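Numbering (full-length UniProt numbering), first residue to last: 1 to 660.
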């Protein structure tokens, strides 16, 4: 047994010890048992950290005696891609997931031994807090057991002479940061689930601070990962888009949507103690959907370019049974998901049966129907509807790919409703509800008219027209709120700005999606060398086609784009093939402008021989509004980062000092 093997087999033992000590401490309150529990979990974090560092060192020196290293590394790879091999497969990503969950749990234990823990015990929340640690340890035990089935320290047999290297499509700077961000976020979903479960089992308020803390981290990291993944796909895959409603993409969006809904419910949970049942349930849904996403990615049930495993068989049930029979790690994920679903269902039903019946609230006037509590309630359930519809569509596409237009047409109404509720909730402090309702009716009418006017232009063009009125109304609401805090002291001003900057970012992303996919110009042309033709609003001229051999065979097409007499682009698009393989990848030509991107891909090319002229097939795209997406994504993540900074004690002290 090598050192890595030893560490991975030690982890479940440490977790069993932590669970035993935690259960005894829960029963009799013995401080010594609590200390032993903390020591066990601290050693667990140390063991997982050592495992990651050890695996990184094996990739650094390309230790081909390990099967995982041989699968994802090679001697000739640059250092950054060697190290990226750590998270190129299922084995390494699960190790990061476990490490992040252990880090979060140990952070809470450290806080629990200080002022935060004393405050919780003083409020009578100690029992709930102990349950939280137990539940998180139990989930970690399941993950650590699954890790034994996909052990990155398994030895190669026979010993290979060279490694397979990293897939050329993954040899991107984004590969060095995107996957670890994703799986760190997944680790932070573990304490979020445990906090929600503890809240349903035992009364108290300790869970809410824990839940909000890790939900914010999860949300920030997941939003960053979705942005990076979208930009990576946009600049690498050559299909001219950043979101395709691919099963793995869609399943990765679902936990973020659940986290968004939970954070909104937590606002009212903190202010008014609302959503005592829904709040914990939403917190638990985040991990449930993370486990589901992992099953989609790792199981090969859905057809996806992002899946770790290729799909087997033509029928989803056949693929499911095949992978369950052959892959112990997927079987473990399914069992963990089933166990978490059972625990969620049982505790929710139990808590619901014990909860007092809410007093019915009488609403008679428009003002009462559109007050802050009602519109906030409506926004939360609209977000849940968006999540549910996306999940149902994903399940419907298990036996075949559902085009993006299906998701867009089904979700558009709920997105419009959410924009209306956001505007009414935000603006009613300055405008009467009846006036806001009238604005929403006008926005709905304008949305329908503009959508119908653009409907016949090209498939999907209706989205641009339909999105514009709602984006204008919701954007005005966000900007009006931000403007109202302009004269406040620095700390309360930034604290109020953070969430609304994030909301403004989401509005821009939604508008950018509608414009970039609805109004893009796309045309594929075939040209001979020296020939010209009109395409996508340009005169396209093919200047040269050349094959440049080497370690990578590079097939290049040099072209020019004119608009009238003005030269707009003089560039090169290419296709690259690693020598000795049959796989080609696209190197796009991309030029960013504030109003649009110019995006050119080489689909096929044949260099001329003798009297035969060179030929090339190019796809020319003009993609308007794409900068709205990237700007909105930065505002979204920046707004959450600002919210977290203004809620962080050192951040608050610094802002008070700067503001004085």
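Positions of the beta carbon are idealized from the N, C-alpha and C atoms, including for glycine. Please read these numbers as outputs of a predicted model, since none were measured by experiment.
Quick check on this structure: which residue in the options has the alpha carbon closest to the alpha carbon of residue i?
i: residue 632; options: 509, 523, 549 and 555; result: 509
i: residue 430; options: 412, 484, 387 and 191; result: 484
i: residue 426; options: 400, 88, 356 and 503; result: 503
i: residue 461; options: 278, 469, 227 and 451; result: 451
i: residue 455; options: 543, 328, 409 and 433; result: 409
i: residue 448; options: 424, 459 and 416; result: 416
i: residue 71; options: 366, 553 and 166; result: 166
i: residue 457; options: 522, 398 and 488; result: 522
i: residue 37; options: 293, 51 and 134; result: 134
i: residue 202; options: 468, 491, 471 and 348; result: 348
i: residue 126; options: 256, 22 and 257; result: 22
i: residue 278; options: 265, 102, 288 and 318; result: 265
i: residue 145; options: 128, 79 and 16; result: 16
i: residue 377; options: 359, 459 and 421; result: 421
i: residue 642; options: 493, 356, 585 and 519; result: 493
i: residue 735; options: 333, 249 and 83; result: Since the first and last residues shown for the chain are 1 and 660, residue 735 lies out of range.
i: residue 256; options: 188, 241, 240 and 206; result: 188
i: residue 172; options: 82, 507, 345 and 198; result: 82
Any idea if residue i is buried or exposed, counting beta-carbon neighbours within 10 angstroms, 16 or more meaning buried?
i: residue 180; result: buried
i: residue 114; result: Per-residue confidence for residue 114 stands at a pLDDT of 46, beneath the threshold of 50, marking its modelled position as unreliable; the derived number appears in the next sentence. So residue 114 ends up on the exposed side.
i: residue 352; result: exposed
i: residue 383; result: buried
i: residue 157; result: exposed
i: residue 53; result: exposed
i: residue 151; result: buried
i: residue 326; result: exposed
i: residue 163; result: buried
i: residue 469; result: buried
i: residue 308; result: Low confidence applies to residue 308: its pLDDT is 49, below 50, so where it sits in the model is not reliable, and the reading given next is rough at best. Buried: at least 16 other Cβ atoms inside 10 Å.
i: residue 91; result: buried
i: residue 182; result: buried
i: residue 122; result: Bear in mind that the predicted position of residue 122 carries a pLDDT of just 48, short of 50, making it unreliable; the figure below should be weighed with that in mind. Residue 122 should be labelled exposed.
i: residue 646; result: buried
i: residue 216; result: buried
i: residue 432; result: exposed
i: residue 357; result: exposed
i: residue 657; result: exposed
i: residue 3; result: exposed
i: residue 591; result: exposed
i: residue 403; result: exposed
i: residue 25; result: buried
i: residue 362; result: exposed
i: residue 663; result: Lying outside 1 to 660, the shown extent of the chain, residue 663 is not represented and no answer is given.
Within 6 Å: the Cβ of residue i and any heavy atom of the ligand GDP?
i: residue 653; result: The model depicted lacks the ligand GDP and carries no ligand whatsoever.
Taking Cβ positions, are residue i and residue j nearer each other than 7 Å?
i: residue 153; j: residue 5; result: yes
i: residue 639; j: residue 498; result: yes
i: residue 47; j: residue 11; result: yes
i: residue 230; j: residue 214; result: no
i: residue 607; j: residue 644; result: no
i: residue 88; j: residue 184; result: no
i: residue 260; j: residue 380; result: no
i: residue 228; j: residue 274; result: no
i: residue 578; j: residue 562; result: no
i: residue 389; j: residue 411; result: yes
i: residue 296; j: residue 224; result: no
i: residue 459; j: residue 659; result: no
i: residue 518; j: residue 463; result: yes
Please name the residue or residues paired with residue i in a DSSP beta bridge.
i: residue 532; result: 541
i: residue 570; result: 560
i: residue 158; result: Residue 158 pairs with nothing; no bridge assigned.
i: residue 521; result: 622
i: residue 602; result: 618
i: residue 584; result: 577
i: residue 597; result: 592 and 623
i: residue 547; result: 555
i: residue 527; result: 616
i: residue 66; result: 155
Using a C-beta cutoff of 7 Å, does residue i count as contacting chain D?
i: residue 529; result: Here there is only one protein chain, and chain D is not present.
**Study point:** contact_flag[the region 353–371, the region 471–489] where n(CB pairs < 8 Å) is 3 or more
**Key:** The answer is no - the region 471–489 does not touch the region 353–371, with fewer than three Cβ pairs under 8 Å.
Review point. How about the region 190–199 and the region 139–146: do they share at least three Cβ pairs that are nearer than 8 Å?
Key: Yes: the two stretches touch, three or more of their Cβ pairs being nearer than 8 Å.
**Study point:** At least 3 beta-carbon pairs within less than 8 Å: the region 543–562 vs the region 603–620
**Key:** Enough Cβ pairs lie closer than 8 Å, so yes.
Check your understanding: For the 8 Å Cβ check, are there 3 or more pairs between the region 617–630 and the region 597–607?
Key -> Remark: three or more beta-carbon pairs, one from each stretch, lie closer than 8 Å, so the region 617–630 and the region 597–607 are flagged as touching.
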